[in-house]
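Shown next, in structure tokens, is the structure this report addresses.
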Amino acid sequence: MSISCECPECGKRLKAADSAAGKKAKCPDCGGAVPIPVRKKPKPESADGGDFDLQNLDIDAGMAGPVEEEQVACAMCGEMVKATASRCRYCGENLEAPRRKTGKRSSSSGPGMPVPVVIAFIVECLFIGLNGLGIVGNLMQSNIPGAGGSLVRMGIEVSIAAGLWQRKSSARMSALVLDGIGIVLMLVCGGFLLAMGQQPQFKAQIPQEMGAILVVILAGQIVLYITEIVALMTGSAQEYLDQ
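Residue numbers (this note's numbering): 8 to 250.
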């Protein structure tokens, strides 16, 4: 008969001859020392064969031998390894990285889209609507280049909104960059309008109400830009869109 034992380093099951009992063998996989247990001799039965002496009961007998651990399949080679192993003992695949990635994704998925991301998505939809109005207004005035510019901006906003919906970190970065550029442009345009509003020629060509409407539109866009920046800079938005 042979003696079954297990390598304490890698968990490989080994068999040794009875003559090797009490000695140590070298594991063929990891090279670690494997202690070979001594086979216990059966105790002689009592003369009557009926009564059992509780004082001779070996309490630890049921706990002898290696404890079976949970095993999982390696994602690379498919071999069964310990669930707590950090590296596959067959192909050397790093098992910690997929485990960390899975844990990170499960913690970030949550019940749904975080509120800051929802706010940013709504802002992008508002920008899409404003650019759509810009296209219509430019076409009504036969301003083809202006309509083309609004169409390009609408395409960019649609791409960012789709990226936010698909949880892409690149969409978050694109939105932050465009928001920063938009704030600068709106401030420049607002300053230009305020400066030109002091000129008599400008006042004669554009009614005062129209100038006030333009200032309100510029200020509203700045508010939307700032709102989206604040929303996308929150920790929940960064975690949700980190792919």
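The beta carbon of each residue, even a glycine, is placed where N, CA and C say it ideally should be.
>> Quick check on residue 199: buried or exposed, where buried means 16 or more other Cβ atoms within 10 Å of its Cβ?
In response: Classification of residue 199: exposed, given that the 10 Å Cβ count is below 16.
> How many whole angstroms separate the CB atoms of residue 31 and residue 41, which I take to be in contact at a CB cut-off of 8 angstroms?
Replying inline: 6 angstroms
> Tell me, which residues are paired with residue 94 by DSSP?
Replying inline: 101
> In this structure, does DSSP put residue 10 in helix, strand or coil?
Replying inline: Residue state, collapsed to three classes: strand.
>> Can you tell me whether residue 179 is helix, strand or coil according to DSSP?
In response: helix
> Per DSSP, residue 87 is paired with what?
Replying inline: 80
>> What does the Cβ neighbour count give for residue 184, buried or exposed, with the cut at 16 atoms within 10 Å?
In response: By the neighbour-count rule (16 or more Cβ atoms within 10 Å), residue 184 is not buried but exposed.
>> Taking contact to mean 3 or more Cβ pairs, one atom from each stretch, closer than 8 angstroms, check whether the segment 155-168 and the segment 127-143 are in contact.
In response: yes
> Hey, residue 188 and residue 131: beta-carbon distance below 8 angstroms or not?
Replying inline: no
>> Check this for me: beta carbons of residue 13 and residue 37, under 8 angstroms apart or not?
In response: no
> Within 10 angstroms of its Cβ, does residue 87 collect 16 or more other Cβ (buried), or is it exposed?
Replying inline: exposed
>> Going by beta-carbon coordinates alone, are residue 96 and residue 102 separated by less than 8 angstroms?
In response: Not in contact: residue 96 and residue 102 (Cβ atoms no closer than 8 angstroms).
> Using the C-alpha atoms, what's the distance from residue 236 back to residue 180?
Replying inline: 10 angstroms
> Rounded to the nearest angstrom, how far is the Cβ of residue 171 from that of residue 127, given a contact under 8 angstroms?
Replying inline: 6 angstroms
> What are the start and end residues of each continuous beta strand (DSSP E) run of 3 or more residues lying completely inside the segment 118-200, in chain order?
Replying inline: Runs found: none.
> Excluding the five sequence neighbours on either side, which residues of its own chain have a C-beta within less than 7 angstroms of the C-beta of residue 243, listed in chain order?
Replying inline: Cβ within range, chain order: 121 and 123.
>> Can you give me the C-alpha to C-alpha distance between residue 202 and residue 169, rounded to a whole angstrom?
In response: 38 angstroms
>> Within 10 Å of its beta-carbon, does residue 164 have 16 or more other beta-carbons around it, so buried, or fewer, so exposed?
In response: Classification of residue 164: buried, given that the 10 Å Cβ count is 16 or more.
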